[in-house]
Amino acid sequence: MMDRYCIRKCIYSLLLCIGLVAGANAQEFRFTTTVSSNTVMMDEPFQIQFMLENGTNVSSFTPPSFKDFDVLQGPSQMQGQSIFNGRRSEYYALTYTLQPKHVGNFTIAGAQARVNGNMVKSNPVLIEVKKGNTQAMQPSPGPASGYPPHRAQQGGDDLPEGVLKKGEDVTEKLRKNIFLKVDVDKTNLYEGDQITATYKLYTRLPTNSSVTKVPAFKGFSAKDIELPNPPQATEERVNGVPYKVFTIRKTLLFPLQSGALELDPVEVDNQVRLVKVVSNNNKKNRSHDPFEDFFNDPAFKDPFFDDFFNRPEVEYQDVPYKIQSNPIKITVKPLPVDGRPLSFNGAVGKFNMTATVDKTSLSTDEALTLKVVVSGEGNVNLLNSPKIDIPSGFEKYDPKVTDDIEKNSNPLSGSRTFEYVLMPQEAGDHTIPAVEFSFFDPASNGFKTLRSTPFVIHISQGKRIKQDKQDFSVGKNELVKNDTGILTWTKQQSWLIRSPWFYILLLLPLLVVAGIVVYKRRADYKTTNAALLKHRYANKVALKRLELAARYLKDGKDKSFYEETSRAVWGYLSNKLKIPMADLSKQLVQDKLSARQINGSNTNNLFELIDNCEMALYAPAHNNHKMQGTYEQAVNVISNLEDALKN
Amino acid sequence: MRNYRKSTIIFFATGLWVLLVTGFGSRASVPEPQQRFEAANNLYNQSKYTAAAGIYQELITEGYNEPSLYFNAGNASYKAGKTGTAIYNYEKALQLSPDNAAVKHNLAIANQKVSGYVQELPLVFFQQWWQQLQHLHRANGWAIGCLIFFWLLVAGFLLNTYLPGWKNKFLRWGNYALGALFLLYVIMAVDAYLIANDHSAGIVMSSNIRAKAAPDDNSKDTFEVGEGMKVQITDATNDFCKITLADGKSGWIACTNIKRL
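Top line first, the protein sequences correspond to chains Z and S.
The opening position of the first sequence corresponds to residue 1 in the numbering used here, with each subsequent residue numbered one higher.
The opening position of the second sequence corresponds to residue 648 in the numbering used here, with each subsequent residue numbered one higher.
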């Protein structure tokens, strides 16, 4: 098998060379011989290829004789075109796999071909054969020898069929030839950024495969890319080995959270059709390779010999084989926090935004549509509606969101349209502020903000006033009309209860009362209280007068003495008995005193004193001794009366 | 005696004059606010609600304290889509005239727009009576009544005490009645003052606020309060107010979101 790969390597490298040459020198004719190796071991197979480039009218082709070599395989014929750098070149190639028979140096002559009627010859090559380890190859002569060349070889795309040779481990063979691979374009990205995951089945064996477990993509928003149905195979080389590649799933993923996420594996059940070689009893030698005869057959010379599978020595076997891909670890970085605009709500990519209103002048009966289109590349399918500050004169409804995402675009691109229906409620000019949309651009690693122009909307009053949300009960949702009466326009500017006036006015009547009480007191004093005081102080007044009388007595002024003594006694009586001066008479005094049970010596002494004084005043006779007696009598009478009246 | 009677009459006269000056002096009727009020009404009828609400609000800010003004301001705010302001104005109007059916009706409509609105429990009958009694007079009316009854009481007392001809039991009972009325008016005047200066209730003016478990931005959210929700403010720090909803839920929100009634 190995040499088959080598052939391809050679061809491809050749093609590359051709392309390079063709780029400089188009349509150049060349006929070359190449070998995979000029030095080979004794048992080592190698390839020789005769390549005819840009040859027109190739009428015959004669390979050289390989007399010192065994032809293990071939000739395999290739024909094709390659376009390299816009230059087109055609090629025709024959490849043989040879195994040296002897040790030594051999020259393989070039092949001959007739091109455009001219005989051309390729270059000869020198092969040095060394002695090698023969044991390894002895039981199975060359891994590639097990299968014949495919009949219809197109552009070298041929894949080996699954032939299971004797003694070959089935599991090992399957493991080598069928596997799954997950391709991701990046494993470290920002939240919301896009990664493309491709799940591919690589096979070199004919297989009937079905996907039994699809990945769930936890933590991602996934958008599958539609794949052709039935699946188309492409060819890919892994370590130089060509594989048929079927894309199982191709998904655009947008991580919804940051952190370490994992892409789940995919599981595929295969029914691999293997060709099993059964031992052929017709052959003389059991251990002999069943194809040896075949290769010695003259028909071998013919490149287009019979199909190997027509022969009865093989049988098919379907082997079930379950494979699983490796989980892939994805590191998701959170979006940077600083510099994040307020209007940012999760858009990551590269976007454009347009905002339009369908009309700028309308009545309150109509509706206004504000259309915001966000288009570009990125997580278009995850865009949140941009926040719009609708002025209070409008009723806003949730936006209608329509997507126009380009099918199978990678990176995901398209547009999302948000249609806000606004019901004007109020006449007048209103300004809808500029719509703002921010996104994170992973390419420039920063936030970008797009802003529309603000819209000025003129709203005139419609014919009918719009009704509010209905509650189905009559008049329930109708506002009661405004009050339009003439108001009194009082201001609650001050609290009377807190103003000093309130307290002044409360205190005022109290002051009035106080004033009246004082006034009344004074009036009372004039009437009752003055008499009371006189009564209280009668004794003192009388004694004062008597003192004055005593002074007159010393000076020998008779008249003054008796006058003063008389006045003291009468004054005392007037005060004490509450008789006005004018009303005083002996009779009244006697009545008053008897009313208070004061009789006897006190009264007698009193009247004797009064008589004495009167007599002395009307018949004056200077008698110093008598005056002294009168004075002592007056003092005695007043003090006795004072005692008596106290009780 | 005649002297004293004359002096009381003089006192009464001065008292009345002072009353007239203080109580009715501010009543000097200016047609200007009425014109603006009518202009706003016209704007409202032309569906220019924001402009109308602006004028009403100006008049309110100038200190005019009319239930109709608050009512119209509420209607205009509601139509302009400002639920919080509308409910605030309706509540103000209701404070001034609690039995106004139109205000109650419009408030109920506005409350339909409040997310998470919880209906308040209706007042018990005696609370209703008290409220009706409370609105028998304006707040200053109670204070003026206070003064009048006090003066009458003093006058009656003086007559009863100092004028022998007036001394009878009818006047005495009249005095007791006056005293009782005076006490009632004092209580109502003080109560009216306290109620009007009680700012423990408020309206939430911004939408979608999350009440926190503690007065701290980092504490955990407990419930959501919608614009226009009437809340009782039971406690407050510098920035945060503890609110209690009608259904008993309580939490802390930033004081800037509440407009106190």
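Every residue gets a Cβ at the ideal spot worked out from N, C-alpha and C, and that includes glycine.
Computed from a predicted model, the values in this text were never measured in an experiment.
- Less than 9 Å divides the Cβ of Z/N384 from the Cβ of Z/G346.
- According to DSSP, Z/L252 shares a beta bridge with Z/T196, Z/K223.
- Residue pairing from DSSP leaves Z/E191 without any beta-bridge partner.
- Scanning the segment 804-844 of chain S from its first residue to its last, the whole alpha helix (DSSP H) runs of 4-plus residues come out as 816-843.
- At least one beta carbon of chain S lies nearer than 9 Å to the beta carbon of Z/V512.
- Ranked by how close their Cα comes to the Cα of Z/R340, the residues Z/G55, Z/G446, Z/A233 have Z/G446 in first place.
- Contact between Z/A523 and Z/L546 fails: their C-beta atoms lie close to 34 Å from each other, not under 8 Å.
- Separation of Z/K131 and Z/K223 (C-alpha to C-alpha, rounded to the nearest whole angstrom) is 59 Å.
- Under the DSSP definition of a beta bridge, Z/R416 partners with Z/V374, Z/D403.
- Under the three-state reduction of DSSP, S/Y764 is assigned to coil, being neither helix nor strand.
- Residues of chain S whose Cβ lies closer than 7 Å to the Cβ of Z/D483 are, in chain order, S715, F718, N719.
- Residues of chain Z whose Cβ lies closer than 7 Å to the Cβ of S/W798 are, in chain order, P509.
- Rounded to whole angstroms, the Cβ separation of Z/L227 and Z/K250 is 6 Å, and the two are in contact under 8 Å.
- Nearest CB-CB separation between Z/S392 and chain S: below the 9 Å threshold.
- Taken atom to atom, the span from the alpha-carbon of S/G849 to that of S/T891 is near 10 Å.
- For Z/V184 against Z/Q257, the beta-carbon gap comes to about 17 Å, at or over 8 Å, which does not count as contact.
- Between the alpha carbons of Z/N188 and Z/D441 lies a distance of about 15 Å.
- Residue pairing for Z/M353: DSSP places it in a beta bridge opposite Z/V374.
- Among the bridge pairs identified by DSSP, S/A698 is matched with none.
- Interface with chain S (9 Å Cβ-Cβ cutoff): Z/K359 is excluded.
- Counted as a single uninterrupted DSSP element, the alpha helix (DSSP H) harbouring S/H752 occupies residues 748-759.
- In this model, Z/V245 and Z/N38 are separated by some 33 Å (Cα to Cα).
- Of all residues in the segment 315-343 of chain Z, none comes within less than 9 Å of chain S when Cβ atoms are compared.
- Less than 9 Å divides the Cβ of S/T730 from the Cβ of S/E874.
- Taking Z/S392 as reference, the option from Z/L422, Z/S601, Z/G414 with the minimal CA-CA separation is Z/L422.
- Annotated three-state conformation of Z/E366 is coil, per DSSP.
- Take Z/P63, set aside five residues on each side of it, and the residues of its chain with a beta-carbon closer than 8 Å to its own are F50, P75, L94, Y96, A111, in chain order.
- As a beta-bridge residue in DSSP terms, Z/S76 pairs with Z/T95.
- DSSP lists Z/D441 as the beta-bridge partner residues of Z/G446.
- Z/V480 has a beta carbon lying within less than 9 Å of a beta carbon in chain S.
- Taking the beta carbon of S/F684 as reference, the chain Z residues within 7 Å of it are L487, listed in sequence order.
- For Z/M615, the uninterrupted alpha helix (DSSP H) run begins and ends at 601-618, by DSSP.
- Z/R596 carries a coil assignment under DSSP once its states are collapsed to helix, strand and coil.
- Where S/I734 is concerned, the enclosing alpha helix (DSSP H) starts and stops at 730-743.
- Counting along the chain, the unbroken beta strand (DSSP E) around Z/D429 starts and ends at 428-432.
- Counting along the chain, the unbroken alpha helix (DSSP H) around S/F718 starts and ends at 714-726.
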